[in-house]
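Residue numbers (the working numbering): 100 to 433.
Quick notes on the structure that follows.
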Ligand code: NDP
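This is the structure we're talking about:
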């Protein structure tokens with residue numbers, strides 16, 4: 100599959116260019132940047148044949164079958180709609196858009212045009228998360244009582260730009276990381292959060308946007324979810340715990356971009372390490388996207404999954420801002 104990169108981003112440079120090229124026939128034909136010089140440098144550095152500053156020109160190339168959108172968040176909507184309008188399949192970064200309605204508009208437009216639209220929620224592509232989901236689904240821990248998510252990290256210096264100082268570009272830890280935790284929760288438990296209570300703060304990095312959030316979510320099954328996200332915690336580590344009537348699962352170091360971390364299952368029978376396949380998370384996501392384009396199944400995270408994760412994240416922000424419990428408004432999401 101031939102791709103155009105929409106956005107000369109860090110995430111593409113660090114993970115996605117490799118993930119796309121790891122697929123059979125996976126080829127990147129162009130990159131779009133807001134700056135001609137930066138685009139040309141990026142193309143040269145990554146061996147990409149062409150760079151553009153004009154989205155229409157990038158999309159006019161009939162060889163391009165799919166686009167990967169990884170610009171700052173406020174640009175995703177218009178870029179996705181333009182790509183969909185000319186029949187390109189879209190793999191879009193999270194958070195999909197600046198509002199739930201905008202995100203739903205992108206996904207509905209893709210459905211109408213008959214193109215595949217996916218959200219790059221990489222964590223549900225990891226062997227560790229899939230192993231835990233399978234344990235829960237097979238009843239190994241009985242009825243799920245609670246899920247505790249730990250996703251307080253230290254934002255690397257090279258990413259301390261728009262994420263911490265630009266609400267206009269979609270900055271803040273809630274659109275950046277709470278969306279991932281919402282998706283992980285939906286993926287692991289197979290149900291959608293109903294209501295949330297929350298607090299947020301700026302604890303040293305956020306300038307006009309929150310850099311830390313804690314929230315508690317209710318689920319239709321009665322399970323409770325506790326979620327913690329931050330940009331300012333150098334030594335906290337990441338992970339989650341799922342507690343059920345017959346057992347508990349402890350997953351440590353697994354809220355990450357790499358196939359690392361340990362999983363332990365604790366039941367009446369004792370403690371056991373849970374093995375899992377250590378494939379590349381982003382490569383798996385792109386592989387499932389390509390398969391979906393070929394008519395084989397759905398992408399790992401669909402567009403509607405991206406709309407739903409955003410709906411939970413914005414409910415968290417609203418609950419923290421208002422001090423009031425919020426019902427998650429999934430809008431048009433299916
Ligand atoms: P970056 O800040 O690296 O890139 C975003 C934009 O900033 C780029 O499109 C580029 O603009 C510009 N830019 C990047 N580097 C420079 C630079 N050195 N000088 C000037 N401009 C620069 O963001 P990320 O790669 O961290 O994030 C991009 C998107 O991907 C976001 O939506 C984010 O939420 C998502 N993301 C998802 C992850 C996941 O695991 N799913 C992980 C990380 C990010 P231009 O294109 O105009 O050159």
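We put the beta carbon where it would ideally sit given N, CA and C, even for glycine.
Nothing here was measured: the structure is a model prediction, and the numbers come from that model.
| Item | Value |
| --- | --- |
| Does DSSP put residue 149 in a helix, a strand or coil? | strand |
| Would the beta-carbon of residue 264 be found less than 7 Å away from any heavy atom of ligand 1? | no |
| What is the DSSP secondary structure of residue 247, counted as helix, strand or coil? | strand |
| Just checking, does the region 244-258 make contact with the region 186-201 on the three C-beta pairs under 8 Å criterion? | no |
| According to DSSP, is residue 330 helix, strand or coil? | coil |
| Could you pull the DSSP bridge partners for residue 339 from this structure? | 248 and 350 |
| For ligand 1, any of its heavy atoms closer than 7 Å to the Cβ of residue 275? | yes |
| Identify whether residue 178 lies in helix, strand or coil by the three-state DSSP scheme. | helix |
| Per DSSP, what kind of secondary structure is residue 299 in: helix, strand or coil? | strand |
| Is there contact here, the region 291-306 with the region 394-401, by at least three beta-carbon pairs under 8 Å? | no |
| Please report the distance separating the alpha-carbon of residue 131 from that of residue 278. | 25 Å |
| Under a three-way DSSP split, which group does residue 238 fall into? | coil |
| On the CB-based measure, 16 or more other CB atoms within 10 Å of its CB, does residue 367 come out buried or exposed? | exposed |
| With H, G and I counted as helix, E and B as strand and the rest as coil, what does DSSP make of residue 188? | strand |
| Would residue 273 and residue 117 be called neighbours here (beta carbons separated by less than 8 Å)? | no |
| For residue 254, is the beta carbon positioned less than 7 Å from some heavy atom of ligand 1? | no |
| Nearer than 7 Å: is that true of the beta carbon of residue 177 relative to any heavy atom of ligand 1? | no |
| Cβ of residue 45 within 7 Å of any heavy atom in ligand 1? | Since the first residue shown for the chain is 100 and the last is 433, residue 45 is missing from the structure and cannot be characterised. |
| Between which two residues does the alpha helix (DSSP H) carrying residue 116 extend? | 116-120 |
| Please list the terminal residues of the continuous alpha helix (DSSP H) segment that includes residue 205. | 199-212 |
| For residue 283, which residues of its own chain have a beta-carbon under 6 Å away from its beta-carbon, when the five flanking residues on both sides are left out? | 222 |
| Can you tell me whether residue 211 sits near ligand 1, meaning its C-beta is under 7 Å from at least one heavy atom of the ligand? | no |
| Whole-angstrom Cβ separation of residue 339 and residue 322, contact assumed at under 8 Å? | Not quite, the Cβ-Cβ distance comes to about 13 Å (not below 8 Å), so this is no contact. |
| Taking 6 Å as the limit between beta carbons, can you name the residues of its chain near residue 248, skipping five residues before and five after? | 280, 326 and 339 |
| Residue 371: buried (16+ other C-beta within 10 angstroms of its C-beta) or exposed? | exposed |
| So, for residue 353: in the same chain, excluding its five sequence neighbours on each side, which residues have a beta-carbon less than 6 Å away from its beta-carbon? | 227, 338 and 360 |
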